[in-house]
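Chemist: Take a look at this one; I'll ask things after.
Number of protein chains: 2
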Amino acid sequence: MSREAHPRIPLPTPVGRITINDVARAAGVSVATVSKVTNGRDGVAAATAERVMEVVTQLGYETSLVASSLRRSRTNVIGILLAGFDPFATELLKGISAEAVGKGFELLAYSGAISDDNTVGWERRSLSRLGGTLIDGAIMITPTITIPVSSVPVIAVDPHTLSEADLVADDGAARPVATPTVECDNVEGARAATKHLIDLGHTRIAHVRGRDDLESAHLREEGYREALRDAGIPFDPVLVRDGGYRAAWSTDAAHALLTMPDRPTAIFAANDLSAFGVMEVAHELGLRIPLDLSVVGFDDIPEAASVHPRLTTIAQPLQAMGAQAVDMLLAQLQGRPVPDHVQLASHLIVRETTAPPPGH
Amino acid sequence: MSREAHPRIPLPTPVGRITINDVARAAGVSVATVSKVTNGRDGVAAATAERVMEVVTQLGYETSLVASSLRRSRTNVIGILLAGFDPFATELLKGISAEAVGKGFELLAYSGAISDDNTVGWERRSLSRLGGTLIDGAIMITPTITIPVSSVPVIAVDPHTLSEADLVADDGAARPVATPTVECDNVEGARAATKHLIDLGHTRIAHVRGRDDLESAHLREEGYREALRDAGIPFDPVLVRDGGYRAAWSTDAAHALLTMPDRPTAIFAANDLSAFGVMEVAHELGLRIPLDLSVVGFDDIPEAASVHPRLTTIAQPLQAMGAQAVDMLLAQLQGRPVPDHVQLASHLIVRETTAPPPGH
DNA sequence: ATGAAAGCGCTAACAA
DNA sequence: TTGTTAGCGCTTTCAT
Numbered sequence: 001m002s003r004e005a006h007p008r009i010p011l012p013t014p015v016g017r018i019t020i021n022d023v024a025r026a027a028g029v030s031v032a033t034v035s036k037v038t039n040g041r042d043g044v045a046a047a048t049a050e051r052v053m054e055v056v057t058q059l060g061y062e063t064s065l066v067a068s069s070l071r072r073s074r075t076n077v078i079g080i081l082l083a084g085f086d087p088f089a090t091e092l093l094k095g096i097s098a099e100a101v102g103k104g105f106e107l108l109a110y111s112g113a114i115s116d117d118n119t120v121g122w123e124r125r126s127l128s129r130l131g132g133t134l135i136d137g138a139i140m141i142t143p144t145i146t147i148p149v150s151s152v153p154v155i156a157v158d159p160h161t162l163s164e165a166d167l168v169a170d171d172g173a174a175r176p177v178a179t180p181t182v183e184c185d186n187v188e189g190a191r192a193a194t195k196h197l198i199d200l201g202h203t204r205i206a207h208v209r210g211r212d213d214l215e216s217a218h219l220r221e222e223g224y225r226e227a228l229r230d231a232g233i234p235f236d237p238v239l240v241r242d243g244g245y246r247a248a249w250s251t252d253a254a255h256a257l258l259t260m261p262d263r264p265t266a267i268f269a270a271n272d273l274s275a276f277g278v279m280e281v282a283h284e285l286g287l288r289i290p291l292d293l294s295v296v297g298f299d300d301i302p303e304a305a306s307v308h309p310r311l312t313t314i315a316q317p318l319q320a321m322g323a324q325a326v327d328m329l330l331a332q333l334q335g336r337p338v339p340d341h342v343q344l345a346s347h348l349i350v351r352e353t354t355a356p357p358p359g360h
Numbered sequence: 361m362s363r364e365a366h367p368r369i370p371l372p373t374p375v376g377r378i379t380i381n382d383v384a385r386a387a388g389v390s391v392a393t394v395s396k397v398t399n400g401r402d403g404v405a406a407a408t409a410e411r412v413m414e415v416v417t418q419l420g421y422e423t424s425l426v427a428s429s430l431r432r433s434r435t436n437v438i439g440i441l442l443a444g445f446d447p448f449a450t451e452l453l454k455g456i457s458a459e460a461v462g463k464g465f466e467l468l469a470y471s472g473a474i475s476d477d478n479t480v481g482w483e484r485r486s487l488s489r490l491g492g493t494l495i496d497g498a499i500m501i502t503p504t505i506t507i508p509v510s511s512v513p514v515i516a517v518d519p520h521t522l523s524e525a526d527l528v529a530d531d532g533a534a535r536p537v538a539t540p541t542v543e544c545d546n547v548e549g550a551r552a553a554t555k556h557l558i559d560l561g562h563t564r565i566a567h568v569r570g571r572d573d574l575e576s577a578h579l580r581e582e583g584y585r586e587a588l589r590d591a592g593i594p595f596d597p598v599l600v601r602d603g604g605y606r607a608a609w610s611t612d613a614a615h616a617l618l619t620m621p622d623r624p625t626a627i628f629a630a631n632d633l634s635a636f637g638v639m640e641v642a643h644e645l646g647l648r649i650p651l652d653l654s655v656v657g658f659d660d661i662p663e664a665a666s667v668h669p670r671l672t673t674i675a676q677p678l679q680a681m682g683a684q685a686v687d688m689l690l691a692q693l694q695g696r697p698v699p700d701h702v703q704l705a706s707h708l709i710v711r712e713t714t715a716p717p718p719g720h
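For the protein sequence lines, the chains are A and D, in the order given. Residue numbers for the first sequence follow the numbering used here, beginning at 1 and rising by one. Residue numbers for the second sequence follow the numbering used here, beginning at 361 and rising by one.
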């Protein structure tokens, strides 16, 4: 180690980011050698490697994710593409994070729909911007469009459209590739919610429907109808109104339902937000929950447990769904077979908004 | 628009990612022109621009975040650097996301500590890997080390060490640059928690302390002591035990406290997890909460509202803290003055684990 | 064992 | 108005 003078005075610290060039210069080697050392490639003398590592430590050098990902094909980074960090997405993130730990992947949650003008099409845009370079694969949370053919593997969680697997290409041939999907059992959940009300003795059960353009809304209505059919209760179209998955819209629906002559004694709302709208209207009309009116929601967002009275609802196993998505993505990355479609069981959480009908 | 034959047959779609080269080739222009068009630079004939845009749309081209960020200085992406997507971090994310919307920035939450071997030092590593290229600035969530001098602006949320502002450099000169910090008022929160117990009539109030190496633990103990002092209750060192911010460790502390001769009638735990440990031990010992023992936590993680009985605790305004961090980072990016240190008020949430002491 | 050089996709000077 | 070219930081042949 008798090269001419590696002075002990502090290396000329560069001002901005420390790059591989800074390290190479300080260690008196080429950038290629530094790259080999930091990536553990062999073909470098032990002494050289040691000296390089010393400089790396001293300078606090880390390879730029951007630069290396531009050059390499794999980055060991999984992208989670989402429209925003809402409660639904963050619950999934918790599950994803827990499942990914120790598997050698870094997580990168990207919200590209951060301004109002690109709330539509963020799925494709995000995938194009990150895919193929920054991330090895992606988990897409509640995409509202069909996921385009992508250069990296993608798993969709709770997609709001039919999977491509169910579609047929223009030329009539079935598509070979579909985006694998993870979601909860919407039909079964809705059925359980409705059955819970039926078991309590309700027979006049209304449904505040979700957004017509979203697949889950249809599935939940289907579950509602099935439960009625199973119990021999005739379906009454008058008792179904649109709530659009939003509290504001649902108040209209609720008002119509609760002021009709033979008003329902129970309402199954397509999601928790709609249920909140229903509860608000009931309160305004002087109806006591659950004495005069029972309400069931869907999703079990955190607020469901905090409102008064606390909302009975169908919980989606969000963290388990996130973990499942990770498993599927890793399988896909490793070339293992991946199921097209995974449904996880939702379950009823009985809280304080449901009781037998009045006079029962 | 009478160039020779832009055939209507589908453009030769490239297999992998669509790059600027593909667009240039398909549109019959240079990549520079495509770049100008997609970035809205002028100096391009309207007809050319239109043709390029047509190809861009048809091919579904989006500029690669990686490549462009390598070349440009600004990316309009804010990085949120975190150790993992835990409840604390995700609450902050909600606030950050809500505040950042419409401000023209994309959000990129990066968890680089995804394997067990790099749980220490993730702060520096993440910052080095993303900073200077991918992100314009960073919000660092609960860093446990002093943030290194960085090439991009950084805001620290709930840092677990003293800010550099409080330190002095080796040569004795005060450092010119400190990492601006957002946190809740730990002292005041702890004082409110303790005062709540005092107001209920408790005088023998124990404290299960947090991790000794974390600044917030010391601040919370300080608040506890101040409240006692304000009330004229002498501080009894026997009533303070280490819980390490963890449920498992806190059970030992709780056991010691609750089996002592003159046991406390109330315990202020340094965080909610410690409080859960205390509740568990109390249950084992046959102590009823809150009849025999009152418990107060700190943080108000979601579980605090779900356990039985529901935990009285000090809530940190996490979403507001996230929003504040965004505001500060944007200010810093725009060269506006930024406060060194912002403290947001925590507040007491009274639930079911506190009551007057036995026989009061 | 080491380094020179090409190139990943893109942007920005500069030339034409 | 358009294209040529250099280079952002890095990895990877391929010479030396």
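Just so it is clear, CB atoms sit at the ideal spot from N, CA and C, and this is done for glycine as well.
1) What does A/Leu81 touch in chain D if you count any residue whose Cβ is under 9 Å from its own?
2) In angstroms with no decimal places, state the Cα-to-Cα distance between A/Ala254 and A/Val296.
3) Under the three-state reduction of DSSP, which class applies to A/Arg125: helix, strand or coil?
4) Using the three-state DSSP reduction, which class does A/Gly277 fall into: helix, strand or coil?
5) Answer with yes or no whether the minimum CB distance from D/Pro508 to chain A is below 8 Å.
6) Since D/Leu468 meets chain A, which of its residues come closer than 7 Å, beta carbon to beta carbon?
7) Are the CB atoms of A/Leu348 and A/Ala193 nearer to each other than 8 Å?
8) Are the C-beta atoms of A/Ala305 and some chain D residue less than 8 Å apart?
9) Regarding A/Leu214 and the ligand NAD, is the C-beta to nearest heavy atom distance less than 7 Å?
10) Does the separation of the CB atoms of A/Gly95 and A/Gly322 fall below 8 Å?
11) Check the DSSP bridge columns for D/Gln692 and list the partner residues they point to.
12) Can you give, in chain order, each stretch of the alpha helix (DSSP H) that sits fully within the region 10-59 of chain A and has at least 4 residues?
13) Only counting the same chain, and skipping five residues up and downstream in sequence, which positions put a Cβ closer than 8 Å to that of D/Ser390?
14) At a Cβ cut of 9 Å, what residues of the region 36-66 of chain A count as close to chain D, listed as they run along the chain?
15) Rank A/Thr353, A/Ile289, A/Leu134 by C-alpha distance to the C-alpha of A/Thr312 and give the top, closest one.
16) Find the residues of chain A that neighbour D/Leu490, judging by a C-beta separation of less than 7 Å, and give them in chain order.
17) Helix, strand or coil for D/Thr547 per DSSP?
18) Suppose the cutoff is 6 Å on Cβ atoms and the five residues either side in sequence are ignored; what does the same chain contact list for A/Ala282 look like?
19) Rounded to a whole number of angstroms, what is the C-alpha to C-alpha distance between A/Ile139 and A/Gly104?
20) Would you verify that the beta carbon of D/Ser433 is, or is not, closer than 8 Å to some beta carbon of chain A?
21) Taking A/Thr313 as part of the beta strand (DSSP E), name the residues at either end of that continuous run.
22) Strictly under 8 Å for the Cβ-Cβ distance: is D/Ala529 near chain A by that measure?
23) Taking its Cβ as the centre, do 16 or more other Cβ atoms sit within 10 Å of A/Met328, making it buried, or is it exposed?
24) For the beta strand (DSSP E) that D/Ala443 lies in, which residues bound it at each end?
25) Please confirm whether A/Ala67 and D/Leu617 have their CB atoms less than 8 Å apart.
26) Should A/His308 be labelled buried (16 or more other beta-carbon atoms within 10 Å of its own) or exposed?
27) Who does D/Ile501 pair with in a DSSP beta bridge?
28) Between A/Glu91 and D/Leu453, what straight-line distance do the alpha-carbon atoms span, to the nearest angstrom?
29) Taking 8 Å as the threshold (C-beta atoms), are A/Ser97 and A/Leu107 in contact?
30) With DSSP as the reference, label D/Pro367 as helix, strand or coil.
31) Given a cut-off of 8 Å, decide if A/Leu65 and D/Leu693 are closer than it, judged by their beta-carbon atoms.
32) Excluding the 5 residues flanking A/Gly361 on each side, which residues of the same chain have their C-beta closer than 8 Å to its C-beta?
33) Within a Cβ cutoff of 6 Å, which residues of the same chain sit near A/Leu318, ignoring the five residues on either side of it in sequence?
34) For A/Arg72, does the count of other Cβ atoms within 10 angstroms reach 16, so buried, or fall short, so exposed?
35) Could you check the C-alpha separation between D/Lys555 and D/Met620 for me, to the nearest Å?
36) Mind checking which residues open and close the alpha helix (DSSP H) that includes A/His255?
Modeler: Result, derived from the coordinates:
1) Chain D residues near A/Leu81: none, gap ~11 Å exceeds 9 Å.
2) Computed Cα separation, rounded: 13 Å.
3) Three-state DSSP puts A/Arg125 in a helix.
4) helix
5) yes
6) Leu108, Tyr110
7) Contact check for A/Leu348 against A/Ala193 passes: the beta carbons are separated by less than 8 Å.
8) yes
9) This structure lacks the ligand NAD; in fact it carries no ligand of any kind.
10) yes
11) In the DSSP assignment, no residue is bridged to D/Gln692.
12) 20-27, 31-38, 46-59
13) Within the same chain, Cβ atoms closer than 8 Å to the Cβ of D/Ser390 are found at Ala384, the five residues on either side in sequence being excluded.
14) Those would be Gly60, Tyr61, Glu62, Thr63, Ser64, Leu65, Val66, in chain order.
15) A/Thr353
16) Leu65
17) One point to set straight first is that residue 547 of chain D is Val, not Thr, in the sequence displayed. D/Val547: helix per DSSP, three-state reduction.
18) Ile289, Leu293
19) 16 Å
20) no
21) Counting along the chain, the beta strand (DSSP E) containing A/Thr313 begins and ends at 312-315.
22) Annotation note: pLDDT 44 at D/Ala529 (below 50); position unreliable, no value reported.
23) With 16 or more Cβ atoms within 10 Å of its Cβ, A/Met328 is classed as buried.
24) Looking at the DSSP string, D/Ala443 is not in any beta strand (DSSP E), and its letter there is neither H nor E.
25) no
26) exposed
27) Paired residue(s): D/Val517.
28) 12 Å
29) Taking C-beta atoms as the reference points, A/Leu107 and A/Ser97 count as a pair closer than 8 Å.
30) Only weak support is given to the placement of D/Pro367: the predicted model assigns it a pLDDT of 34, under 50, and the value that follows is read from those uncertain coordinates. In the structure shown, D/Pro367 sits in coil (DSSP, three-state: anything other than H, G, I, E or B).
31) no
32) Nothing about residue 361 of chain A can be reported from this structure: the residues present for chain A run from 1 to 360 only.
33) Glu91, Leu92
34) exposed
35) 23 Å
36) 247-258
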